[in-house]
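*Asks:* Mind having a look at this structure? Questions to follow.
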Amino acid sequence: TDRVTTQFFPNQDSPGQGLPEEVRITTHKNQDPAGGRTSRVDVALEKTLGWQMKLNTNGKKTYTAGSSQTRQARRDSLEEIQKDRRRTNTHLIFDLGLNALTNRGSGAPDLRTLGSRYVNLGLNVAPRLGGPKSPLYLVFGPEFAFNNYMLEGNNKWVSQNGTTSVVPETNGRQYQKTKLATSTLTVPLMFQLNFREKDAHTGRSRDGFRVGAGGFVGYRLGSWTKLKYFEDGNTFKDKNYGSYNLTDWQYGLQGVVGYRSLTFFAKYNLNELFRDGQGPKAQTVSFGVRFFGN
């Protein structure tokens, strides 16, 4: 049997074009028992995935696609390639964390740590910057943030004569909870590096290390105070809406860092929490865990 094999590696010659890893062409010349010689050409595309075509001298073609496991492996591989090279990713995000006050001036209150929660829901759009395999993305999209500032002690938020302050309860009422809350529409703008890695067991690509940094702008949509207390054996919840002299426009810095399915976030408001001279001097820091939407 005379056999000549030629191999090509299109993806190595032209990377990033979605070409096959390997193309192998084999020409066979066999001695026919009835006399004469016959020829056959075998073409193998992606040898490891089992796709083959055989062409005999009589023009008959034979295709071999491999086992069902092989075909599924090929489909999975193509899906991973498409995911790795996708130009734009879109994610729903859900952040849960805590608020703290920093750069505190006179009159800034002490917050109850676990009660001062931060919740954020949003839609992040992340177009890739650079080539098909670039890990760099620009992240932006609308987010709705809810900040809670729960007070320590038997104190309450009060807005009087154009000024917001924290005062102790003097009527003997004992508060279970007393907080100031805000809702804000924000838009982040971050540069983020998303690296992918291969699973040691399956060989498939998956999310790896990620890190991002940038800023955000936003506008306060609403604000309110909430008091919870017992009186005469009954539970009361008083909720009052108002501006409470809070700053309307929000802006600051933010960042994320994560690995695989775990991501942490942090946000620092450069704006003051209250308007100048109309409330305690302080800025907000929020931090926590992103539960989905890496």
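Residue numbers for the sequence shown follow this note's numbering, beginning at -2 and rising by one.
For glycine and all other residues, C-beta sits at the position ideal for the given N, C-alpha and C.
These figures come from a predicted structure and were not determined experimentally.
Should Val155 be labelled buried (16 or more other beta-carbon atoms within 10 Å of its own) or exposed?
*Replies:* Exposed, by the Cβ-count rule.
*Asks:* Assuming Gln9 is part of the alpha helix (DSSP H), what are its boundary residues?
*Replies:* Membership of Gln9 in the alpha helix (DSSP H) is indicated by the continuous run 7 to 10.
*Asks:* Let me know the secondary structure DSSP gives Thr222 once reduced to three states.
*Replies:* strand
*Asks:* Classify Lys176: buried if its beta carbon has 16 or more other beta carbons within 10 angstroms, exposed otherwise.
*Replies:* buried
*Asks:* So, using beta-carbon positions, are Lys278 and Gly169 closer together than 7 Å?
*Replies:* no
*Asks:* Going along the chain, which residues of its own chain have a beta-carbon closer than 8 Å to the beta-carbon of Gly159, five neighbours each way excluded?
*Replies:* Asn242, Gln275
*Asks:* Report yes or no: do the region 191 to 208 and the region 147 to 154 share at least 3 C-beta pairs separated by less than 8 Å?
*Replies:* Too few Cβ pairs lie closer than 8 Å, so no.
*Asks:* In the structure shown, what three-state DSSP assignment does Leu46 receive?
*Replies:* The pLDDT assigned to Leu46 is 48, lower than 50, so where the model puts this residue is not dependable, and the model offers no usable value.
*Asks:* Determine the contact status of Gly249 and Leu267, defining contact as a CB-CB distance below 7 Å.
*Replies:* yes
*Asks:* Would you mind reading off the limits of the beta strand (DSSP E) that contains His198?
*Replies:* His198 -> no beta strand (DSSP E), and no H or E assigned at all.
*Asks:* Buried or exposed: which applies to Asn231, given that a residue is buried once 16 or more other Cβ atoms fall within 10 Å of its Cβ?
*Replies:* exposed
*Asks:* Using a Cβ-Cβ cut-off of 8 Å (strictly less than) and excluding sequence neighbours within five positions of Lys195, which residues of its own chain qualify?
*Replies:* Arg201, Ser202, Arg203
*Asks:* For Glu166, collect the residues of the same chain with a Cβ closer than 8 Å to its Cβ; drop the 5 residues on either side in sequence, then sort them by chain order.
*Replies:* Asn151, Asn152, Lys153, Tyr172
*Asks:* Where DSSP assigns a beta bridge to Pro124, which residues make up the other side?
*Replies:* Thr85
*Asks:* With 16 as the cutoff for other CB atoms within 10 Å, does Ser258 come out buried or exposed?
*Replies:* exposed
*Asks:* Does the Cβ of Val163 have 16 or more other Cβ atoms within 10 Å, making it buried, or fewer, making it exposed?
*Replies:* buried
*Asks:* Go through its chain and collect everything with a Cβ distance to Ser180's Cβ below 6 Å, but skip five positions before and after it.
*Replies:* Phe143, Leu218, Gly219
*Asks:* Return the CA-CA distance between Gly215 and Trp246, expressed in angstroms with no decimal places.
*Replies:* Their backbone Cα atoms lie some 6 Å apart in a straight line.
*Asks:* Beta carbon of Gly92, beta carbon of Phe289: below 7 Å?
*Replies:* Here the sequence assigns Asp to residue 92, which means Gly is not the residue at that position. No; because the gap between Cβ atoms is not below 7 Å, this pair is not in contact.
*Asks:* For the beta strand (DSSP E) containing Lys153, list its first residue and its last residue.
*Replies:* First-last of the beta strand (DSSP E) with Lys153: 152 to 157.
*Asks:* Measure the C-alpha to C-alpha separation of Tyr265 and Gln280 and round it to an integer number of angstroms.
*Replies:* 8 Å
*Asks:* Indicate the three-state DSSP secondary structure (helix, strand or coil) for Ser162 in the structure shown.
*Replies:* Collapsing the DSSP output to three states places Ser162 in a strand.
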